[in-house]
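Novice: I have a structure I would like to understand better, so I am pasting it below and will then ask my questions one at a time.
Numbering (this note's numbering), first residue to last: 1 to 346.
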């Protein structure tokens, strides 16, 4: 019998690992809560409607933040001080990649937005610039997640979460280290990087130089501060949406508890769960709810909340990916895309 090619074996290994991880995490979550409630009891359905309506501004805010990393590269490549990343590409890539991130195993979908941006062949926006922008955004998001967890647990009315607080602090150090590494690369003088680059293979050297140039532009206050401000808006919308779903399901928790839940779930979905964050989302939600509500509520309204909040994110991403694909089609270049490492940076 002929062995499958290496690429197929890697694919099978990735999906097998993802599905096994999802099964294990779902089993752990099912020991404390019914993964699918016998009935969806929503005491405040109007609040669920408000949470659904909030998903559009939430998704658009998530998408627009990359503008502050990539607009300077477009202006540098074109020489036009008014040039910007095309709006259709900005929002289309964000909406489509949100669904791809959910669907692919082990968060491999994170590469989808850089690939979509590169494929559009916008001057100054190559694979290196796109990855640098997404990496910076994820580092900032990680710090916001840890901050929400720590502040939420500290301000919650009654909870004992020393172990989770320690985990949050540890993850905070990880994200701080990532951000410090990116900041160091941005701070290196271009001449020094150009002096070192001949020691690298040509394609890798070009990648590093373009990557660092993107970070350098993002380190400027006029671009970095708006990124932080819009990230604060994005995470505020995330907490508000989750708070609305909590109350819609009959769980009268406050903003601090909602913030802590967002932080815990945000860290848990980094675990190797299945596609659509199956398993990792449920474990994080159950763990977070268990800090703030009694076991009886966890089995009733808690089960409803876990299912409704999970479906809201998944279905919302799926529906918004449709207009996202339409926007990407409008932004498609008229000819074939360039090499993935090509960039028009001067």
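All residues carry an ideal CB built from backbone N, CA and C; glycine is no exception. Only a predicted model underlies this, so the values are computations on that prediction, with no experimental measurement involved.
On the DSSP letters alone, give me the boundaries of the alpha helix (DSSP H) that residue 293 sits inside.
Specialist: Residue 293 -> no alpha helix (DSSP H), and no H or E assigned at all.
Novice: Buried or exposed: residue 62, going by 16 or more other Cβ atoms within 10 Å of its Cβ?
Specialist: Buried, by the Cβ-count rule.
Novice: Within the chosen definition, does the stretch 323 to 333 reach the stretch 83 to 92 through at least 3 CB pairs nearer than 8 Å?
Specialist: Because the criterion of three Cβ pairs below 8 Å is met, the stretch 323 to 333 and the stretch 83 to 92 touch.
Novice: Nearest CA to the CA of residue 185: which residue from 226, 195, 215?
Specialist: Checking every option, the nearest Cα to that of residue 185 belongs to 215.
Novice: What are the boundary residues of the alpha helix (DSSP H) that includes residue 101?
Specialist: From DSSP, the alpha helix (DSSP H) with residue 101 extends over 87 to 103.
Novice: Please return the same chain residues whose Cβ sits closer than 6 Å to the Cβ of residue 338, not counting the five positions on each side in sequence.
Specialist: Low per-residue confidence applies at residue 338: pLDDT is 44, beneath 50, and the placement is therefore not dependable enough to give any value.
Novice: Would residue 140 and residue 228 qualify as a contact pair, given that the criterion is a beta-carbon distance under 8 Å?
Specialist: For residue 140 and residue 228, yes; Cβs fall inside 8 Å.
Novice: For the putative contact between residue 74 and residue 114, defined by C-beta atoms under 8 Å, what is the C-beta separation to the nearest angstrom?
Specialist: About 15 Å; that fails the 8 Å criterion.
Novice: Counting pairs of Cβ atoms below 8 Å between the stretch 40 to 59 and the stretch 194 to 202, do you hit three or more?
Specialist: No, they do not touch.
Novice: For residue 229, verify whether its CB is less than 7 Å away from any heavy atom of the ligand NAD.
Specialist: Ligands displayed in this structure: none; no statement on the ligand NAD is therefore possible.
Novice: What residue range is occupied by the uninterrupted alpha helix (DSSP H) comprising residue 249?
Specialist: Residue 249 -> no alpha helix (DSSP H), and no H or E assigned at all.
Novice: Are residue 212 and residue 193 touching if we call contact CB-CB under 8 Å?
Specialist: Yes. Within cutoff.
Novice: Helix, strand or coil: how does DSSP classify residue 55 here?
Specialist: In the structure shown, residue 55 sits in a helix (DSSP, three-state: H, G or I).
Novice: For residue 59, which residues from the same chain have a beta carbon less than 8 Å from its beta carbon, with the 5 sequence-adjacent residues on both sides left out?
Specialist: So the qualifying residues of the chain are 94, 95, 98, 316, 317, 320.
Novice: Shortest alpha-carbon distance to residue 149 belongs to which of 261, 314, 19?
Specialist: That would be 261, whose Cα lies nearest to the Cα of residue 149.
Novice: If you reduce the DSSP assignment to three classes, tell me which class residue 36 lands in.
Specialist: Residue state, collapsed to three classes: coil.
Novice: Looking only at C-alpha atoms, which of 105, 248, 153 sits nearest to residue 45?
Specialist: Closest option to residue 45, Cα to Cα, is 248.
Novice: Whole angstroms is fine: what's the gap from residue 183's alpha carbon to residue 136's?
Specialist: In a straight line, the C-alpha of residue 183 is about 9 Å away from that of residue 136.
Novice: Report the residue from 39, 257, 155 whose alpha carbon sits nearest the alpha carbon of residue 242.
Specialist: Cα-wise, what sits closest to residue 242 is 257.
Novice: Can you name the start and end residues of the alpha helix (DSSP H) that residue 153 belongs to?
Specialist: Segment 127 to 155, the alpha helix (DSSP H) holding residue 153.
Novice: Have a look at residue 18 and residue 221 and give me their C-alpha separation to the nearest angstrom.
Specialist: If I take the Cα positions, the gap works out to 40 Å.
Novice: For the alpha helix (DSSP H) holding residue 217, just list the boundary residues, first then last.
Specialist: Run containing residue 217: 202 to 218, per the alpha helix (DSSP H) assignment.
Novice: Checking 8 Å against the spacing of the C-beta atoms, do residue 284 and residue 309 come in under that value?
Specialist: Not a contact, by the Cβ cut-off of 8 Å.
Novice: Which of the three DSSP states is assigned to residue 306 in this structure?
Specialist: Helix, per DSSP.
Novice: Are any of the Cβ atoms in chain C nearer than 8 Å to that of residue 121?
Specialist: In the displayed structure, chain C is absent; only one protein chain is listed.
Novice: Using C-beta distances below 7 Å, list every residue in its chain close to residue 15, excluding the 5 sequence neighbours before and after it, in chain order.
Specialist: Closer than 7 Å at Cβ, skipping near neighbours: 105.
Novice: Quick one, which of 39, 28, 210, 282 has its alpha-carbon nearest residue 70's?
Specialist: Checked all of 39, 28, 210, 282; the closest Cα to residue 70 is 210.
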